[in-house]
Amino acid sequence: MSHILEVKGLTTAFTGDYGTDITVDHVDFYVDRGEVVCIVGESGCGKSVTSLSIMGLLNRGGAVIDGSVLFDGKNLLGLTEKELDEIRGNRMTMIFQDPLTSLNPVFTIGSQITESIRIHQKLEKEESRKRAIQILQKVGMPDAEAAMKKYPHTLSGGMRQRAMIAMALSCQPALIIADEPTTALDVTIQAQIMKQLQELQKELGMAMILITHDIGLVARMADRVYVMYAGQMIEHAQVKDLFLAPKHPYTKALLATVPGIYDSPERKLASITGVVPEKYDTIQGCRFADRCPYMKEKCLTYEDNEILENGHEVRCCRVGEWEAS
Amino acid sequence: MTNHNKKMQIQIANEYKNENYRQTVWRRFKHHKLAGISLIVLVLLCSAALLAPWIAPYPPDEIVGSFASAPSKDFWLGTDQIGRDVFSRLLYAMRISLLVGLMATLISTVIGVLLGLIAGYFGGVIDMVIMRFTDMIMSFPYILLVLVAASIFKPGLWTIILILGFVDWPGIARLVRGNVLNLRESNFVKSSIVAGMPLRHILFSEILPNTVAPILVYATSVVALSILDEAALSFLGMGVQPPTASLGNMLNGAQSLTVLTKQPWLWVPPGFLIIIVVIAINFIGDALRDALDPTTRKEK
């Protein structure tokens, strides 16, 4: 079976007053039907830009300069806006980080979802309304019928995100991109919503790309994981392999930042020293080198991906070597 | 805070909880005393103007009395220099002035909103061309433009409505463009793009409703301005042509010194009406701005 989404050599650049920055640098990944793929990484490493590039939503100044995005075998980058509109919403959709600003403040939840169904599924108004209520119930909106008449600002954050998810799912897309869908919510609500999202994903057989920096979420949701750093994919593995045996020093450091429940009270929270370099497209060799405790001379020239068994990919020249040191 | 006060507040909060947006706006609007009075005055004036054919004691354009007679019980506001009833003419003049104000505003709002939406949403070259054109219209001394236009085309009611309509839109276009620039980067517009909504839907059903409030507020000031401009043009003889009465060409009589000094009933009422209408509209605009702004939360 072919991949539902296959991204090859995606390169996105932003042109500003000070020249051009390549924010996403030859990123390759794929998503199969019905699976959940996580993309993890720190802030500012290009996760969101990757998803916006796929959706064709880059802000002014941003453009995809190389690569291809194959959705169901069709290259999205070559389509016109009109052809894209056929795919967006119907076959592929996206959930944004901040549910308040993602809903139109002057319309009720109900009218927004109904409208979306009416336009895409070409249903009658009454029929669309019924479907909207059904979907709201599905995403766990209490008293869905009353919620239809509410404006976004009168709902709590969790309810808003449920409404957003309902809107995204209203047309039963084959692929859903969730860009940090629960970052703005507190932990209990986050758990509920992610659980519901996972159930719906299984039920509807959707593929999902989950973009997050929450390692716990990755462990629970993902089938496969891509680790992104400074605009590049640096590690890709099945979720188990990644958590049991990370092959990249960055992944290991990332996993080490998660506090464990059996940690001793004296344990200090681990952090990765330094930050993602601001302008990373001109760095020679490994981009993590200046923060990496295992850095050696050869890291400064290394560029390629190494493929280990089971499709485990790593972009590190000292793979299998640094663990020992 | 006393217990009683707290109870009151909870009661008030409960009362407000179930109201929709329109009710909220109306409640806030009513807090503005001046705007309330203005609204009543304006409604009275508008109905008087609408009902002019039934209210007016005499036909407005016919000679019904002696020349320039002072107010009396037959002619409440006197008669003008050729013996027409001033009160009847005033009622019909209100019709014309309000018609000019509303129609000119309607035309300029439609033009301004369309150009503003297009410029703001598409940006780039389209934005540049539209906004430079807007600047051009704005930088033109427009009374001159109006005078030239009025002398090229046959002066008259619809000429002046069209002229004012085509001159007043740059302000609205700029306002709308500014709002659209903000809104098009907002997540809800992005999520409708992601949802594959057609462009027409995004422009008119997502973006436009979010910018209606400022347009409405701005439009009230355009109504007031258009009424003033009509008065000015008619005063100069380039606007509504006699015998049709408008507030401006009734003032025209005051150009003569005798009228100005000896016959105040000819120019005080129309002048006064212009002031009242313009002030009332401006107060209403002010109150609308406060009432429509969701960030103001004064509940007193």
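Protein chains in written order, with the numbering used here: chain A, 17 to 341; chain B, 406 to 705. Note that the Cβ used here is the ideal one computed from N, Cα and C, for glycine as well.
Can you have a look at residue i and say buried or exposed, based on whether 16 or more other CB atoms are within 10 angstroms of its CB?
i: glycine 276 of chain A; result: exposed
i: alanine 148 of chain A; result: buried
i: alanine 162 of chain A; result: exposed
i: isoleucine 192 of chain A; result: buried
i: tryptophan 459 of chain B; result: exposed
i: proline 197 of chain A; result: buried
i: aspartate 573 of chain B; result: buried
i: aspartate 257 of chain A; result: buried
i: tryptophan 563 of chain B; result: exposed
i: arginine 383 of chain A; result: Coverage of chain A is limited to positions 17 through 341, which leaves residue 383 of chain A absent and any answer about it impossible.
i: valine 241 of chain A; result: buried
i: asparagine 654 of chain B; result: buried
i: lysine 63 of chain A; result: buried
i: lysine 705 of chain B; result: Low per-residue confidence applies at lysine 705 of chain B: pLDDT is 36, beneath 50, and the placement is therefore not dependable, though the value from the model is reported in the following sentence. The residue in question, lysine 705 of chain B, is exposed, as its Cβ has fewer than 16 Cβ neighbours within 10 Å.
i: alanine 578 of chain B; result: buried
i: glutamine 486 of chain B; result: exposed
i: alanine 629 of chain B; result: buried
i: glutamate 99 of chain A; result: exposed
i: phenylalanine 677 of chain B; result: exposed
i: serine 639 of chain B; result: buried
i: leucine 501 of chain B; result: The identity of residue 501 of chain B in the sequence shown is isoleucine, whereas the question assumes leucine. With 16 or more other Cβ atoms within 10 Å, it is buried.
i: proline 309 of chain A; result: exposed
Using CA atoms only, rank isn't needed, just tell me which of the options is closest to residue i.
i: isoleucine 111 of chain A; options: A:Ile181, A:Ile129 and A:Arg76; result: A:Ile181
i: glycine 156 of chain A; options: A:Glu251, A:Ala207, A:Pro293 and A:Ala253; result: A:Ala207
i: arginine 331 of chain A; options: A:Ile250, A:Asp159 and A:Thr27; result: A:Ile250
i: threonine 109 of chain A; options: A:Gln248, A:Thr267, A:Lys268 and A:Ile225; result: A:Ile225
i: arginine 134 of chain A; options: B:Leu678, B:Met602 and B:Ser493; result: B:Met602
i: glutamine 300 of chain A; options: A:Thr289, A:Tyr310, A:Lys314 and A:Ala269; result: A:Lys314
i: leucine 519 of chain B; options: B:Tyr463, B:Val585 and B:Ala454; result: B:Val585
i: methionine 175 of chain A; options: A:Asp114, A:Val122, A:Leu220 and A:Leu271; result: A:Asp114
i: tyrosine 526 of chain B; options: B:Val673, B:Ile468 and B:Leu588; result: B:Leu588
i: proline 560 of chain B; options: B:Ala696, B:Phe434, B:Ile684 and B:Thr649; result: B:Thr649
i: proline 464 of chain B; options: B:Ser597, B:Gly488, B:Leu449 and B:Ser452; result: B:Gly488
For residue i, list the residues DSSP reports as bridge partners.
i: serine 7 of chain A; result: Only positions 17 to 341 of chain A appear in this structure, which leaves residue 7 of chain A out of reach.
i: arginine 240 of chain A; result: A:Val53 and A:Gln254
i: arginine 104 of chain A; result: A:Met108
i: valine 585 of chain B; result: According to DSSP, which records beta bridges pairwise, valine 585 of chain B is partnered with nothing at all.
i: glycine 78 of chain A; result: A:Phe30
i: lysine 90 of chain A; result: A:Phe87
i: isoleucine 323 of chain A; result: A:Glu329
i: threonine 204 of chain A; result: Partner(s): none; threonine 204 of chain A has no beta bridge.
i: glutamine 248 of chain A; result: A:Tyr245
For residue i, which residues from the same chain have a beta carbon less than 6 Å from its beta carbon, with the 5 sequence-adjacent residues on both sides left out?
i: valine 534 of chain B; result: none
i: glutamate 58 of chain A; result: Val292
i: valine 85 of chain A; result: Val23, Ile70, Leu92 and Leu93
i: histidine 264 of chain A; result: Ile250, Glu251, Val330 and Cys332
i: phenylalanine 558 of chain B; result: Thr564
i: arginine 702 of chain B; result: The predicted model places arginine 702 of chain B with a pLDDT of 48, which falls under 50 and marks its position as unreliable, so this point remains unresolved.
i: serine 186 of chain A; result: Ile129, Ser132, Ile133 and Ile151
i: aspartate 532 of chain B; result: Ala524
i: alanine 696 of chain B; result: Val430, Arg433 and Phe434
Could you spell out where the alpha helix (DSSP H) holding residue i opens and where it closes?
i: methionine 499 of chain B; result: 491-527
i: threonine 36 of chain A; result: No alpha helix (DSSP H) contains threonine 36 of chain A, which is instead part of the beta strand (DSSP E) from 35-47.
i: arginine 694 of chain B; result: 673-697
i: glycine 441 of chain B; result: 438-455
i: isoleucine 70 of chain A; result: 63-71
i: isoleucine 299 of chain A; result: No alpha helix (DSSP H) contains isoleucine 299 of chain A, which DSSP labels as neither H nor E.
i: leucine 549 of chain B; result: 547-557
i: aspartate 634 of chain B; result: 617-640
i: tyrosine 463 of chain B; result: That residue, tyrosine 463 of chain B, is in no alpha helix (DSSP H); it is neither H nor E in DSSP.
i: serine 144 of chain A; result: 141-154
i: arginine 4 of chain A; result: Limits of chain A in this structure are 17 at one end and 341 at the other, which puts residue 4 of chain A out of reach.
i: tryptophan 563 of chain B; result: 562-572
i: arginine 134 of chain A; result: 125-137
Given residue i, which residues of its chain have a CB within under 7 Å of its CB, disregarding the five upstream and five downstream residues?
i: tryptophan 670 of chain B; result: Ala475, Pro476, Leu482, Gly483 and Val491
i: glutamine 217 of chain A; result: Val52 and Met224
Considering residue i, what are the terminal residues of the beta strand (DSSP E) in which it resides?
i: alanine 194 of chain A; result: 191-195
i: threonine 228 of chain A; result: 223-228
Short of 8 Å in beta carbon distance, which residues of its chain neighbour residue i, apart from the five on each side in sequence? Order them along the chain.
i: serine 556 of chain B; result: Met643
i: proline 281 of chain A; result: none
i: isoleucine 20 of chain A; result: Val47, Asp48, Arg49, Phe87, Asp88, Ala190, Leu191 and Ala223
i: phenylalanine 259 of chain A; result: Ala235 and Leu271
i: glycine 83 of chain A; result: Val23, Lys24, Gly25, Leu26, Thr27, His42, Val43 and Leu93
i: asparagine 106 of chain A; result: His136, Cys187 and Pro189
i: alanine 238 of chain A; result: Val52, Val53, Cys54, Leu226 and Val255
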